[in-house]
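Everything below concerns the one structure shown next.
2 protein chains.
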Amino acid sequence: MSDADDALVVFTPSGRRGRVPLGTPVLEAARALGVDIDSVCGGRGLCGRCQVDLCEGSFPKHGVESRAAHLSAKCDTERTWERRRGALCEGRRLSCSARVLGDALIDVPPASQVHRQVVRKRAEVRDIELDPSVRLYFVQVREPDLQVPASDLRRLKEALACEWHFGSLEHDIRVVQQLQEALRRGHWGVTVAIYDNTRIIAVWPGFQAQVYGMAVDVGSTTLAAHLCNLQTGEVVATAGRMNPQIRYGEDLMSRISFIMMNPGGEQAMTRSVREALNELTVELASEAGVPVEAILEATFVGNPIMHSLMFGINPVELGGAPFALATDEAIDGLWATEMDLVIHPNARVYGLPCIAGHVGADTAGAILSETPYLGEELMLLVDVGTNAEIVLGNRHRLLAASSPTGPAFEGAQISCGQRAAPGAIERVRIDPLTLEPRFKVIGCDLWSDEPGFDTAIGPCGVTGVCGSGIIEAIAELFLAGVITPDGVVSGALAEQTPRVVADGRTFSYVLYREAARTLAITQNDIRAIQLAKAALYAGIRLLMERYGTDHVERIRLAGAFGAHIDVQYAMILGLIPDCDLDHVTSAGNAAGTGARIALLSRKARRDIEDVVRRVEKVETATEPHFQAHFVEAMAIPHRSDPFPRLRERVSLPVSDHAASRRGTGRRRRRQRQPG
Amino acid sequence: MSDADDALVVFTPSGRRGRVPLGTPVLEAARALGVDIDSVCGGRGLCGRCQVDLCEGSFPKHGVESRAAHLSAKCDTERTWERRRGALCEGRRLSCSARVLGDALIDVPPASQVHRQVVRKRAEVRDIELDPSVRLYFVQVREPDLQVPASDLRRLKEALACEWHFGSLEHDIRVVQQLQEALRRGHWGVTVAIYDNTRIIAVWPGFQAQVYGMAVDVGSTTLAAHLCNLQTGEVVATAGRMNPQIRYGEDLMSRISFIMMNPGGEQAMTRSVREALNELTVELASEAGVPVEAILEATFVGNPIMHSLMFGINPVELGGAPFALATDEAIDGLWATEMDLVIHPNARVYGLPCIAGHVGADTAGAILSETPYLGEELMLLVDVGTNAEIVLGNRHRLLAASSPTGPAFEGAQISCGQRAAPGAIERVRIDPLTLEPRFKVIGCDLWSDEPGFDTAIGPCGVTGVCGSGIIEAIAELFLAGVITPDGVVSGALAEQTPRVVADGRTFSYVLYREAARTLAITQNDIRAIQLAKAALYAGIRLLMERYGTDHVERIRLAGAFGAHIDVQYAMILGLIPDCDLDHVTSAGNAAGTGARIALLSRKARRDIEDVVRRVEKVETATEPHFQAHFVEAMAIPHRSDPFPRLRERVSLPVSDHAASRRGTGRRRRRQRQPG
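Sequence lines, in order, name chains P and E.
Numbered by full-length UniProt numbering, the letters in the first sequence go through residues 1 to 675 in order.
Numbered by full-length UniProt numbering, the letters in the second sequence go through residues 1 to 675 in order.
Written out as structure tokens, the structure reads:
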């Protein structure tokens, strides 16, 4: 130990260092040196958030001899905390209680850092720096004094200025209404929630340890929500439920129609979605063992119509051209009570901004999650639903459009189509020689040609084909030569295989047949998928043209469709442009992740608000080139685009056009179809 | 007319001048030259607020030859406006329609100035410069365009930036919820209300001409409210009603007791006062022929307990030491719906700040009205109620205190006392020779010794004595020598006059006697008044002592008591310190006037917030000198203060002390009582 009256303290991982007087609490030393250590209780040994590790030994790199004896022994406060919350590991101390008695190397573990990184599972995306809007602060407030009259609020603000260095703070009237009782019940110690470093929005008597937030993805079909601990970024509960608006219409347009036919219907829809969300909230809170009043923030994403209805805006204008949004700004700092939410009444709500009439806050969420705006790489981000939202760009430029794919990719408009649910065929392979299929159904790990499949699929059996199953079936039929690049089922094959059957003037391919049920891919089914994929591809192509490129470097497929689809088949069918297949991946529920990022990071909110403002909106409906792109994209994979990277991996049948140009196509295709 | 392609325009009263191109609309010229002309419609000839007068003639002082022909002839817009709203006077024009065709001298009448002065009736107070928080702006918004997608809100803000030069504006979510319908119903023309130049708080389709505000004084006994046109400052309706909280207790302390005995009682009281206010609001609006939704602002004053209950704050802490206020800041920008008010749901509420636990927002209002903080003169401002609020100071220093006078001045605790109402004696004179009284009652112009009095007072007759009557009665009794400076009714006089009668061990003075009713001033009544006035005077003296003065230059008496009392009698009794009587005047309902000033002027709000922060709060209850001052002040007018200025006007009986010092007092007094 040094003989001096001060000592050297070095903090890792920051590397900050300096001499402090002997006896200084480690937390105070850290603050003096600008080291980031969390604390809610302000160094009173209540919250336990300021834990640090003393590193024992010689550290020539840091020039410090660090010994256990260089920190004071555990004091009563620390022991009391351990009795209440469990013993600290060897070498770990509450930095507010441990005092510096000599040179020391002190490590601040991630959990004790205010601005810690929230680790995301996928390797390709950045971690989030935790920086929530709402933070808790415990303060001990001076008692009122008849001689020096100052209101309770004034003395609270003085305490916050003195202990936490808040300059001038605003406050909600509701805090004033609750303050006096809280101060007296807490014996002048209260915990306050401060929003955005500027405004006191809640107060509790005594020490309140935890604060939560909720990230909500309002889909047309489902509501999905994460409950997060705002101090750790951790997701403590996740839940979903159907959007009860479905009773007003399955898809968005039928809901708009309902409103147009039933004035005031928008209010009923707003009520119903908010009620469902409140049920979901209670479920989340109960799952996590947290009172709903501990939820101080909520963030929302949704397509423009869901977003409008959630925020009480009539969406009828989004039902027709010119598709004017009420607002394309973020909805910021709204009181939860304005939305009738059951969380803390003073909680704040943040809605990510919508981008355009057809490109919603869900797309903004996906952009925030996938961050195309940060890199040099040209990224294509696609979220396929009833409409496909398409984003293309990089840090220099970002374009967005929506393309009316219709619901075919979700199994609607398909004769054998169904939602992705147990019993639905999701994977399909077709033998190019025998033209016989094999497949997998959701809820069963076996392929249909494996032993035990019939029993493994259970009594319900095979019930239909979901979106990814249809994509694979059609792509495999194309690879096997059953359908032409123009999408026509070759009737000639009916002679070679009982799978190809006449269906009026066209032909179908029978994927599955049993006593009760026949599942066939009809010519109409193929047309429906062609129309959908042509719309998607044309939209993408339009953005690429606008950007001035004919090649994208990375493709991210967001949403449930993107998560279930096999990207190779998607590319064979020509849903997406040619790209190195290793660079084509699912982004999961990127919109929901965006909502969660916005919940955890104020900076992310400002980022996405800036980005959305810069996005170039492209209206596919009125773009003259769209129609030409659409027609070209009807072919499988495409009438003119060569897909060279795909061809390196997959041997595609030669297209009619290419074949006729080369004069060999038809023959070659026939050669590949030897029954 | 000049041959040049521009012309000289001179505006009065500002004197601003400059050359503008021929053909420039006068409104545009005015704006270019920084002349203050009002407009809501932005120069579209809708609002008629921009009227100006062309001054015809030669004006060598301004160097201008101004002719009628130097403005363009009336155009269709102007004629349409005249058809709708009535012909403009000779020479008067809509400045948005009249164009400059030659040199012109143009007068902007007060009604056309944005920052016009609101004239106050009393000579001694300053006019208010009109500058309300809420102002209306009409804009024509660009229609939505599929090619250039921008939300309705964004295009609205663009229009506000372009037409009215608003930079970045915030907005209420409710505006977003109403915007799309308003724009379409108004054919893309909407009027918005902008709060504090920073936030859009309401939107209406088309042109909306008028916006109102409400100033409310929440008294323990009565609610009083003014409805004001925020564009002119004019009071368009005034109304009052009982505070229904009276059912929970007559005075403040009994209401606090009710809450302490009935948990939740504060909520019932909050509800009841808000309901009464809403009834009052409907009455005001209907009287003025204005829809309640046109009321976009409300300001409030009240004593700390009324203020708390109105704003939903439990006032129990104000019921006992240390009398801690929940907040001593202004309540600013609160949504009307947070207070369940029936005015426009997006209206904003402003509550003037309370100063200390016993010195409320009503005192802040009185300070704002009387502006002691502006002058050099040392002003004493007193508002007498159950407590007396006392403010002393000038621009250098301001002190405030509350003194517990009790309700005696309001006629309570007085045997013959009653509220100021028809039938109550309000003026009293006592003949020093005969000791016979004469008096006036409220509701009758005749003195009691004038012919016809008995019939003029009507069937109810004389029912009691109100506060000002008691003050006068006791002061006259003192002047007539019936009571000593110590406040004792001289029993010896019972031999000289039947008016003085024994009442147990003390004596009373019979002011009025008829078959049904005897009204007498008892010894107890006099004691009650002495206690009250001693408390008031001691509080004043304490502030004077703290300030370091023994003389005030001006005394302003606020409230109903101040309006009815004869200041000379108040001084004779020693309620207020010696002062030139010409400088002692009633301030009327200064608190309510303060609320109205805060309604009309943003600057006034900032002023009073600053002033209140600077006020030195003096707590009379714990001040050691208070008791000594109190004892001295029990005497009439005072045991030791000489009241030289009063004595110049009124011959006061020599006090016992002074008399005994001079050895002549008793004799002299006896000489003045010759029955």
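Cβ atoms here follow ideal geometry from the backbone N, Cα and C, with glycine treated the same way.
- DSSP lists no bridge partner for A621 of chain E.
- Considering only P:G86, P:L511 and P:L536, the residue with the shortest C-alpha distance to S415 of chain P is P:L511.
- The beta carbon of A356 of chain E sits closer than 8 Å to some beta carbon of chain P.
- Note that the C-beta distance between H638 of chain P and G574 of chain P is below 8 Å.
- Residue environment for E287 of chain E: exposed (fewer than 16 other C-beta atoms within 10 angstroms of its C-beta).
- Per the coordinates, the alpha-carbon of I474 of chain P lies some 38 Å from the alpha-carbon of V611 of chain P.
- Going by DSSP, L581 of chain E is part of no beta strand (DSSP E) at all; its letter is neither H nor E.
- Shown here for M242 of chain P: same chain residues with a beta carbon closer than 8 Å to its own, the five before and five after excluded, namely T221, T222, L223 and A276 in chain order.
- Taking N314 of chain E as the centre and dropping the five residues before and after it, the same chain places the C-beta of E266 closer than 6 Å to its C-beta, in chain order.
- Contact between the segment 32-42 of chain E and the segment 108-119 of chain E is present: 3 or more CB-CB pairs across the two stretches fall below 8 Å.
- I128 of chain E sits close to S601 of chain E, with the two beta carbons spaced by under 8 Å.
- Residue range G265 to A288 is occupied by the alpha helix (DSSP H) that includes S272 of chain E.
- Short of 8 Å from the beta carbon of Q51 of chain P, and not among the five residues preceding or following it, lie these beta carbons of its own chain, in chain order: L88, R92, R93, L94, S95, P109, A111 and S112.
- Per DSSP, the beta bridge partners of W204 of chain P are P:T191.
- Across the structure, C55 of chain P and Y373 of chain P are spaced so that their CA atoms are roughly 41 Å apart.
- W81 of chain E sits in a helix when the DSSP states are folded into three classes.
- Residues of chain P whose Cβ lies closer than 7 Å to the Cβ of A326 of chain E are, in chain order, S151, D152, L153, V176, L179 and Q180.
- Within the same chain, V139, Q140, V141 and R142 come within 8 Å of A159 of chain E by CB-CB distance, once the 5 residues on both sides are set aside.
- In the DSSP annotation of this structure, the continuous segment of the beta strand (DSSP E) that includes E389 of chain P starts and ends at A388 to G393.
- Burial check for V119 of chain P: the Cβ neighbour count within 10 Å stays below 16, so the residue is exposed.
- Per DSSP, reduced to three states, the secondary structure at H226 of chain P is strand.
- Pairing A237 of chain P with R645 of chain P, the inter-Cα distance amounts to about 42 Å.
- Its chain contains L153 as the residues whose beta carbon lies nearer than 8 Å to that of V176 of chain P, once the 5 sequence neighbours on both sides are disregarded; these appear in chain order.
- Contact check for L284 of chain E and A239 of chain E: beta-carbon distance about 5 Å, within the 8 Å limit, so the pair qualifies.
- The segment 295-306 of chain P makes contact with the segment 592-601 of chain P: 3 or more CB pairs, one atom from each, lie closer than 8 Å.
- Sequence-ordered contacts of the segment 351-377 of chain P with chain E read C354, A356 and G357 [C-beta pairs closer than 8 Å].
- With respect to the C-alpha of L352 of chain P, the residue from P:S58, P:E329 and P:N229 having the closest C-alpha is P:E329.
- Each residue's CA atom was taken as its position, placing V64 of chain P and E82 of chain P some 29 Å apart.
- Listed in chain order, the beta strand (DSSP E) runs fully inside the segment 390-450 of chain E are 397-403, 424-430 and 437-441, counting runs of at least 3 residues.
- Sequence-distant Cβ neighbours of L105 of chain P in its own chain, meaning closer than 6 Å and more than five residues away, are V10, C55, F59, H62, V64 and S66.
- Runs of the beta strand (DSSP E) spanning 3 or more residues and lying entirely within the UniProt domain "2Fe-2S ferredoxin-type" (7-112) of chain E occur at 17-21, 51-55, 57-59, 64-66, 92-94 and 104-107, in chain order.
- Checking the DSSP bridge columns, you'll see G302 of chain E partnered with E:V218.
- By the neighbour-count criterion, in which a residue is buried when 16 or more other Cβ atoms sit within 10 angstroms of its Cβ, L380 of chain P is buried.
- With its beta carbon less than 8 Å from one in chain E, E338 of chain P belongs to the interface.
- The residue from P:E370, P:L146, P:T434 and P:S151 with its alpha-carbon nearest to that of R395 of chain P is P:E370.
- Rounded to the nearest angstrom, the gap between the Cα atoms of A4 of chain E and D103 of chain E is 10 Å.
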